[in-house]
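Report on the following structure.
Number of protein chains: 2
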Amino acid sequence: MKLEQAIKSSKFRNEVHKAGLNILYTAWWIKTLMSKELKEYGLTHEQYNVLRILKGRHPEQICVKEIACRIIEKSSNVPRIIDRLETKKLVKRTSSAADKRETVIVLTAAGINILDHSTHRVNNIMDATFLIEEKKAKALNDILEEIRKYEK
Amino acid sequence: MKLEQAIKSSKFRNEVHKAGLNILYTAWWIKTLMSKELKEYGLTHEQYNVLRILKGRHPEQICVKEIACRIIEKSSNVPRIIDRLETKKLVKRTSSAADKRETVIVLTAAGINILDHSTHRVNNIMDATFLIEEKKAKALNDILEEIRKYEK
DNA sequence: GTAAATTAGATGTATGTACATATATTTGCA
DNA sequence: TGCAAATATATGTACATACATCTAATTTAC
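Chains B and F supply the protein sequences, listed in that same order. Taken in order, the first sequence gives residues 1 to 152; the numbers are from the working numbering. Taken in order, the second sequence gives residues 153 to 304; the numbers are from the working numbering.
Encoded structure:
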């Protein structure tokens, strides 16, 4: 869908301004698409993101800070997301022996299981919806990274 | 900044998968950038978005449903955002005479004033940061709209 | 002409974001 | 060595999101 239709507006200062809004709208659209698939597993998009990060290092335990620096939305409150994953017994939280300030987290068997199934579903929906050539995806990645070139 | 650095990960299924994460990360980055500027005016990104929509039709009054269909994040709870704008006396809320189910909203003088100043600031920061050619922005817009082609 | 269905908006709840502050632990240096 | 600064995480608060439910008003359908 064209952005003009999606937000019922056609007044943009220029293509660059439109691009900003288009990125925000597309991000909302992707999150909504993923969240619909994750709902069946009782997971939110953010909980899924944390589980994926844990999977990347499994069976190693990783600390809260390390999850925080890998998460997409940097201002997420990681301890709170872990609270909910712990309640659902998808992760186990332990105080680190090496540094008692740290809390280390590890996936449980149930966590691995739910992640495997939900990842399969999420990948399928994305592959079926995100229908662009690798070449265009590469061009998109290059432009996004050029935009963020002066990131502080 | 490269996405690999931003999320400390370099394992993507393919360029298309990376593009999805890159869009999500860039959207977070843009919102954070804008929110920093808006903070000075005591506005959140979402409140700003609603004020902009009202400005687009000013001095006409528009109803809650119409704001909702123009907003970027479609699942926003518009009545609640309006609550906060009303408390700050930036908008006025009235029951519609034509259809008493509707609530119509209009910007106050204070609302117009704060919007003018904050828009100036937001546009400046975006122009100074989003440094890409119109041509590339156009290419970006085309690819994003191709991704959303099969939007339900 | 009235009852049922639809629509607009308000409100409730769980979760997340953004940011400030508190607590415990570790580090670094005088 | 001892104490201030830094670090890791937890917790508190205001606001937003996602979604369900409720109420009032309007439309429709018979």
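Backbone N, C-alpha and C fix where the C-beta goes; we use that ideal spot for every residue, glycine too. Since we're looking at a predicted model, the values are computed, not measured.
**OP:** Reducing DSSP to helix, strand and coil, say where Leu107 (chain B) ends up.
**Re:** strand
List the whole-angstrom C-beta distance separating Glu151 (chain B) from Met153 (chain F), where the pair is believed to meet the contact cut-off of C-beta under 8 Å. That belief holds up - the Cβ atoms of Glu151 (chain B) and Met153 (chain F) are roughly 4 Å apart, short of 8 Å.
At what residue ranges does the region 233-286 of chain F contain a whole run of the beta strand (DSSP E), taking only runs of 3 or more?
243-247 and 255-259
Whole-angstrom distance between Ala68 (chain B) and Ser76 (chain B), CA atom to CA atom: Those two C-alpha atoms are separated by around 8 Å.
Give the residues of chain B in contact with Arg300 (chain F), contact being defined as C-beta atoms less than 7 Å apart. Counting only Cβ-Cβ distances below 7 Å, Arg300 (chain F) has contacts in chain B at Met1, Thr26 and Trp29, in chain order.
query = Can you tell me whether DSSP reads Ile214 (chain F) as helix, strand or coil?
reply = strand
Next item on the list: Please work out which residues of its chain come closer than 8 Å, Cβ to Cβ, to Ile233 (chain F), disregarding the five sequence neighbours upstream and downstream, and give them in chain order.
Entry: Glu198, Gln199 and Val202
Short Cβ contact (8 Å threshold) for Gln61 (chain B) with Ile105 (chain B): For Gln61 (chain B) and Ile105 (chain B), yes; Cβs fall inside 8 Å.
> For Thr178 (chain F), does the three-state DSSP call read helix, strand or coil?
Replying inline: helix
Where does Thr44 (chain B) sit, in a helix, a strand or coil, going by DSSP?
coil
| message | Check for me: the alpha helix (DSSP H) holding Glu156 (chain F) runs from which residue to which? | response | Leu155 to Ala158
Between Ala249 (chain F) and chain B, is the shortest Cβ-Cβ distance under 8 Å, so that the two count as touching?
no
Between Leu190 (chain F) and Ser270 (chain F), is the Cβ-Cβ spacing less than 8 Å? Yes.
Notebook entry, point to check: Is the shortest distance between the beta-carbon of Ser118 (chain B) and the beta-carbons of chain F less than 8 Å?
Noted result: no
- Query: Where does Thr178 (chain F) land, buried or exposed, given buried means 16+ other C-beta within 10 angstroms?
  - Reply: buried
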